[in-house]
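A.B. asks: Protein sequences appear in the order of chains A and B. Following this note's numbering, the numbering of the first sequence begins with 1 at its first residue and continues without gaps. Following this note's numbering, the numbering of the second sequence begins with 193 at its first residue and continues without gaps. The beta carbon of each residue, even a glycine, is placed where N, CA and C say it ideally should be. Take a look at this one; I'll ask things after.
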Amino acid sequence: VTGPLVTRRGALVGGGASAMGAAAAVLATRADAAPSDDRAALMFLLATERLQAAFYVRATEAGELKGDLARFAATAAEHEAQHVALLERALGTGEPVAPRLGRGVDAIVRDPRRFAVAAAALEDLAVAAANGQAANLTGDSLARIASIVSVDARHATWIRELGGLAPQSPTIDGPVSADRVLAALRREGLLA
Amino acid sequence: MSDARPTRAELLVTAGAVAAGLAVPGLARAAGVGNRDRAAAVFLLSLEHLSAAFYSEAERVGALTGPRLAAAVELGAVERAHVRAYRALLGSRAAAQPRFDFRGTTESDATFARAAVAIEDLTVAGYAAQLPRLRSPELLQAAMGVHSVEARHAAQVRILAGVAPAAYALDEPQDRAEVRRALAATRIAVRRPPRTDAHSDPTFTR
């Protein structure tokens, strides 16, 4: 059974292992008993969706966001939960492991400005992460990610508007590798 | 991107994204794609043609104001860059820019925003359906990067139209026939038949 490999090792999905371990597990696709490229990529992207879901749940539970920001957080929490469920069903693992949010997240979700900046970074990184795994995804996995990634991109535009952040209009969203995504999430204080 | 520590600002422009210079790397490199990919690219080009023509006409007509005018200018530039990229990829197989009749939707702020929502949402759905069909890694990479950009546009024009930027948890794919039917149902755009260049005077046949 190769399924739980990333979830056991990866800090994104808890357990105290290092985040770079998750990236290494994702990237070391040629190793013995390693999951297929497709499965490893899907597991990594499940981890990023779980982190987003946990972030928005934390924000709604903290209860400090008001009005449109609160509505955004609640909507995004629901969307991310559905993304997680879709990928869990596809992977067949289904284990509800809580991701380890960065320690600073409690303060971030109590400050509207910091929440907006963090959410925009989180959504952009989810898009970049999906694009970074494009070459590893095939068929049904690609179809699932295609339906998820565009919603994350919508969230990114939405939260920038609500947060009064500079709008983002690239010609193309570039790919970012798993280890760089994890490093960036840590640097932003979103991942333990 | 050799610096291992991108700044927050860099992060916020999506690390690795090519925001500067309206180029779409990857598409040009995907020359040599197979028939199946080419058919998908021809369809995706038709979606880019539609949105590029829509924003270009809206800008040209000059009836828009404020953020809607800004959106037409900004998004139009991006869509035209996508068109150029697909045309470069497809070469002689690329269709010419079709002529569209947008039925006046480019001529007021309200109709512009609503039509833009329909066009961008359909584009997102069209990409979602084509991505899993692509075989060329370069084309897939580029098309995925464009897909999420179209979703950003969809959210932006939805905000302008006063509707939910992300109405659903998942963007459902729509295949080519579904996109065409859906577009026809909106009655936003109809393809104009090619104009003939013959200027002969009609004569009575009897």
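#1: Tell me, please, whether the CB atom of E370 (chain B) is closer than 8 Å to any CB atom in chain A?
#2: Mind pulling the chain B residues with CB within less than 9 Å of E78 (chain A)?
#3: According to DSSP, is R384 (chain B) part of a helix, a strand, or is it coil?
#4: Can you tell me which of the three DSSP states F55 (chain A) falls into?
#5: Which residues, taken in chain order from the stretch 232–250 of chain B, show a beta carbon closer than 9 Å to some beta carbon of chain A?
#6: Examine chain B for any beta-carbon lying closer than 8 Å to the beta-carbon of R186 (chain A), and answer yes or no.
#7: Can you grab the Cα-Cα spacing for the pair L214 (chain B) / G268 (chain B), in whole Å?
#8: Check whether the Cβ of S36 (chain A) lies closer than 8 Å to any Cβ atom in chain B.
#9: Could you work out which residues of chain A lie near V270 (chain B), taking near to mean beta carbons separated by less than 7 Å?
#10: Assess contact between the stretch 73–86 of chain A and the stretch 127–138 of chain A, defined as three or more Cβ pairs (one per stretch) separated by less than 8 Å. Is contact present?
#11: So the candidates are B:L281, B:A277, B:F294, B:L331; which of them puts its Cα closest to the Cα of A250 (chain B)?
#12: In three-state terms, what does DSSP make of F294 (chain B)?
#13: Buried or exposed, going by whether 16 or more other CB atoms sit within 10 Å of the CB of R279 (chain B)?
#14: Whose C-beta lies closer than 7 Å to the C-beta of V265 (chain B) among residues of the same chain, with five residues either side of it excluded?
#15: With a threshold of 8 Å between beta-carbons, can P365 (chain B) be considered close to chain A, or not?
#16: What would DSSP say about L362 (chain B), mapped onto helix, strand or coil?
#17: Within a Cβ cutoff of 8 Å, which residues of the same chain sit near E364 (chain B), ignoring the five residues on either side of it in sequence?
#18: Among A:S177, A:F115, A:A120, which one has its Cα closest to the Cα of D152 (chain A)?
#19: On the DSSP bridge assignment, give the partners of L352 (chain B) in chain order.
#20: For the structure I just gave you, are there three or more beta carbon pairs, one from the stretch 335–353 of chain B and one from the stretch 162–172 of chain A, closer than 8 Å?
#21: Is any beta-carbon of chain A found at less than 8 Å from that of A374 (chain B)?
#22: At least one CB of chain B closer than 8 Å to the CB of M20 (chain A): is that the case?
#23: In the DSSP assignment, find the unbroken alpha helix (DSSP H) run with R139 (chain A) in it and report its ends.
#24: Strictly by DSSP, which residues pair up with L191 (chain A)?
#25: Counting contacts by CB-CB distance shorter than 8 Å, is R260 (chain B) in contact with chain A?
#26: With distances taken from CA atoms, which of B:A310, B:V253, B:R230 is nearest A374 (chain B)?
#27: If you follow the alpha helix (DSSP H) that I311 (chain B) is in, where does it begin and where does it stop?
#28: By alpha-carbon positions, which one of B:F396, B:A305, B:A343, B:P357 ends up nearest to I380 (chain B)?
C.D. replies: In this structure, then:
#1: False, the Cβ-Cβ gap to chain A never drops below 8 Å.
#2: A361
#3: The answer is coil: DSSP assigns R384 (chain B) none of H, G, I, E or B.
#4: helix
#5: none
#6: no
#7: Confidence at L214 (chain B) is low in this model, with a pLDDT of 49, below 50, so its placement is unreliable and the value that follows should be read with caution. One C-alpha to the other measures close to 11 Å.
#8: no
#9: S169, T171
#10: no
#11: B:F294
#12: Coil.
#13: Burial call: buried.
#14: E251
#15: yes
#16: coil
#17: A317, A320
#18: In terms of Cα proximity to D152 (chain A), the closest of A:S177, A:F115, A:A120 is A:A120.
#19: The partner list for L352 (chain B) (beta bridge, DSSP) is empty, contrary to what the question assumes.
#20: The stretch 335–353 of chain B, when compared against the stretch 162–172 of chain A, does touch it at the 8 Å Cβ threshold.
#21: no
#22: The predicted model places M20 (chain A) with a pLDDT of 36, which falls under 50 and marks its position as unreliable, so this point remains unresolved.
#23: Correcting the residue type first, residue 139 (chain A) is Gly in the shown sequence and not Arg. Residues 139–163.
#24: A:L101
#25: no
#26: B:A310
#27: 301–322
#28: B:A305
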